[in-house]
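Numbering follows my numbering, with no gaps: position 137 of the sequence shown is 150.
Every residue gets a Cβ at the ideal spot worked out from N, C-alpha and C, and that includes glycine.
Remember, it's a predicted structure, so these values are computed and weren't measured experimentally.
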Amino acid sequence: MSDEPVAPRRLERMEDLVSLCARRGFVFQSSEIYGGINGFWDYGPLGAELKNNLKALWWQRVVRERPDVEGIDSAIIAHPRTWEASGHVEHFSDPMVDCRACKKRFRADQLEDSGKCSAREGSSEHDFTEPRNFNLMLRTHIGASEDDAAVAFLRAETCQPIFNDFKRVREAARQKIPFGIAQIGKAFRNEINPRNFTFRSREFEQAELEFFCHPSERERWFEHWLGERLRFYQELGFDEDHLRTRPHEDDELAHYARAAIDVEFLFPFGWQEIEGVHDRGDWDLSRHSEYSGKDLAVTDPETKEHYMPMVIETSAGVDRTCLALLVNAYEEETLEGGDSRVVMRLHPALAPIKAAVLPLSKKLAEPAHALEMELRRSMNVFYDDAGNIGRRYRRQDEAGTPFCVTIDFQSADDGKATVRDRDSMSQDRVPLEGIQAFLRDRVERRA
Ligand code: ATP
14 MSDEPVAPRR
24 LERMEDLVSL
34 CARRGFVFQS
44 SEIYGGINGF
54 WDYGPLGAEL
64 KNNLKALWWQ
74 RVVRERPDVE
84 GIDSAIIAHP
94 RTWEASGHVE
104 HFSDPMVDCR
114 ACKKRFRADQ
124 LEDSGKCSAR
134 EGSSEHDFTE
144 PRNFNLMLRT
154 HIGASEDDAA
164 VAFLRAETCQ
174 PIFNDFKRVR
184 EAARQKIPFG
194 IAQIGKAFRN
204 EINPRNFTFR
214 SREFEQAELE
224 FFCHPSERER
234 WFEHWLGERL
244 RFYQELGFDE
254 DHLRTRPHED
264 DELAHYARAA
274 IDVEFLFPFG
284 WQEIEGVHDR
294 GDWDLSRHSE
304 YSGKDLAVTD
314 PETKEHYMPM
324 VIETSAGVDR
334 TCLALLVNAY
344 EEETLEGGDS
354 RVVMRLHPAL
364 APIKAAVLPL
374 SKKLAEPAHA
384 LEMELRRSMN
394 VFYDDAGNIG
404 RRYRRQDEAG
414 TPFCVTIDFQ
424 SADDGKATVR
434 DRDSMSQDRV
444 PLEGIQAFLR
454 DRVERRA
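Shown next as structure tokens:
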């Protein structure tokens, strides 16, 4: 097949991606059969693989390759004092207004998205209340009683348990300052207006690193981690002109923060944050020391200086990065002969399916299944014998599968299969016994 690409088109309308994601099982509304639940999303077979691959790569780069970083997996519910110490109980809120007529609730700073009021006759304007602060933490009750003493919060960010665990992890792992603690996990925010697909959800995942250093070294480590994080996004294959950094203005900075830079991606709905890199100073450890009564300061083994370490944080949203990856990967391509295809150009290391095994005829099921099972031992593989080969290639292009391996009638004679490359659509004859290594080499290749 020689179907050369002409003038590919990037994603322009989110609806096209949303529908592809539902149809192909990347991401779709949670509880769809009940009409969905606003702000909650389920990842299907392709989405779960993509997300796991992204998390694995983050863990590899941030934790495993770093002798100075330890990984943890903390509980979602922490002691409620944690959130008093962190300031979330008092301050973690957005100003919100209610419409007295239609009873809908909006963020006071996003009223341009409030639409028309459905309940007021003769007027389509909402009848807003004064703004009130609305705490974004989701609450639950622990144990049998439902009184205030039993209230607990689902964590609003994954970093606070890291501060709770700082002393234990430092001692258990025999780490010395400077070092970091990282974790990936769920966070919950009762967002007033969940929107833009998974971009603003009520349940989402964060991948966070808290790096503890001496006060004299905070600038150096801030620069270091910002550089590392930008390298990570380049490695994921983001187009350079769709990625930028944006330093926070002074009035945007959290009161305890010295510096903060957002990593932003250009979505069809504009430039938006996917990660924040923050200098949080000693705010968190000092507050947790105060509220817990445990001294979290450290003593320098050489100088004997007793000090509170400073914290440099890198806080990435796993779901937002997945969304950015999907937007970045999406291309509509017109092929020679007028045919067209949607192709998800995901980096092979992130692609949900690494290779599809496609027998040209159902009569070739035996050798094709044998190859499928061999490949499954080291990568996620899909088997498809339905429909003509062109249609099968298109299905894999949409899923972002970097390689299709076609077994044909010649394969039994020459011991080879055809490997078709998703991006160039070029085809190679590769010996069957070498296919595993051929694919692994390309899938694991460092970008
Ligand atoms: P925003 O201003 O967009 O609400 P934020 O500045 O509050 O984000 P942080 O508290 O710095 O976000 O959280 C770090 C990362 O967690 C963000 O960069 C983002 O990727 C992710 N994140 C935060 N809130 C949400 C959400 N509601 N849905 C999905 N991801 C989120």
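#1: Could you tell me which residues DSSP puts in a beta bridge with Thr312?
#2: On the CB-based measure, 16 or more other CB atoms within 10 Å of its CB, does Asp454 come out buried or exposed?
#3: From which residue to which residue does the beta strand (DSSP E) around Asn148 run?
#4: So, helix, strand or coil for Gly289, using DSSP?
#5: Are three or more beta carbon pairs between the region 216 to 225 and the region 308 to 328 nearer than 8 Å?
#6: On the three-state DSSP scale, how would you describe Asp188?
#7: Taking the continuous alpha helix (DSSP H) assigned at Lys2, which residues delimit it?
#8: Name the DSSP beta bridge partners of Gly84, please?
#9: Taking 7 Å as the cut-off, does the CB of Ala329 come closer than this to any heavy atom belonging to ligand 1?
#10: What number of angstroms, rounded off, separates the C-alpha of Leu256 from the C-alpha of Gly57?
#11: Can we count Ser43 as close to ligand 1, meaning its CB is less than 7 Å from some heavy atom?
#12: For Met14, which residues of its own chain have a beta-carbon under 6 Å away from its beta-carbon, when the five flanking residues on both sides are left out?
#13: Between the Cα of Ile155 and those of Ile274, Phe166 and Lys68, spot the shortest distance and give me the residue it belongs to.
#14: As a quick exercise: from Asp254, Val418 and Ser437, pick the residue whose alpha carbon is nearest that of Arg354.
#15: Give me the residue from Phe179, Lys189 and Gly330 with the minimum Cα distance to Arg242.
#16: Does DSSP classify Leu167 as helix, strand or coil?
#17: Does Thr95 pass the burial test, meaning 16 or more other C-beta atoms within 10 Å, or should it be called exposed?
#18: Mapping DSSP to helix, strand and coil, what is Glu204?
#19: In the DSSP assignment, the beta strand (DSSP E) including Arg442 goes from what residue to what residue?
#20: If we count the other Cβ atoms within 10 Å of its Cβ and call it buried at 16 or more, is Thr334 buried or exposed?
#21: Which word fits Val164, buried or exposed, when buried means at least 16 other C-beta atoms lie within 10 angstroms of its C-beta?
Inspection of the coordinates gives the following:
#1: DSSP lists His319 as partners of Thr312.
#2: Asp454 counts as exposed, since fewer than 16 other C-beta atoms from the protein chains shown sit within 10 angstroms of its C-beta.
#3: In the DSSP assignment, Asn148 falls within the beta strand (DSSP E) that extends over Arg145 to Asn148.
#4: Strand at Gly289.
#5: With a cut-off of 8 Å, the region 308 to 328 and the region 216 to 225 count as touching, because enough Cβ pairs lie within range.
#6: Strictly speaking, residue 188 in this sequence is Gln, with Asp absent from that position. Correct three-state label for Gln188: coil.
#7: The structure shown does not extend to residue 2, since the chain is modelled only from 14 to 460, so the question has no answer here.
#8: Within the DSSP bridge table, the entry for Gly84 names Ala195 as partners.
#9: It does: the Cβ of Ala329 is within 7 Å (strictly closer) of some heavy atom of ligand 1.
#10: Those two C-alpha atoms are separated by around 27 Å.
#11: Every heavy atom of ligand 1 is 7 Å or more from the Cβ of Ser43, so no.
#12: Its pLDDT being 46, under 50, Met14 is placed unreliably in this model, and the value from its coordinates should be taken loosely. There are no such residues.
#13: The shortest Cα separation from Ile155 among Ile274, Phe166 and Lys68 belongs to Phe166.
#14: Comparing C-alpha distances from Arg354 to each of Asp254, Val418 and Ser437 shows the shortest one belongs to Ser437.
#15: Among Phe179, Lys189 and Gly330, the Cα nearest to that of Arg242 is on Gly330.
#16: Collapsing the DSSP output to three states places Leu167 in a strand.
#17: Burial is judged here by how many other beta carbons sit within 10 angstroms of a residue's own beta carbon; Thr95 has at least 16 and is buried.
#18: Annotated three-state conformation of Glu204 is coil, per DSSP.
#19: Looking at the DSSP string, the run of the beta strand (DSSP E) that includes Arg442 is Gln440 to Pro444.
#20: With 16 or more other Cβ atoms within 10 Å, it is buried.
#21: Around the CB of Val164, fewer than 16 other CB atoms lie within 10 Å, so the residue is classed as exposed.
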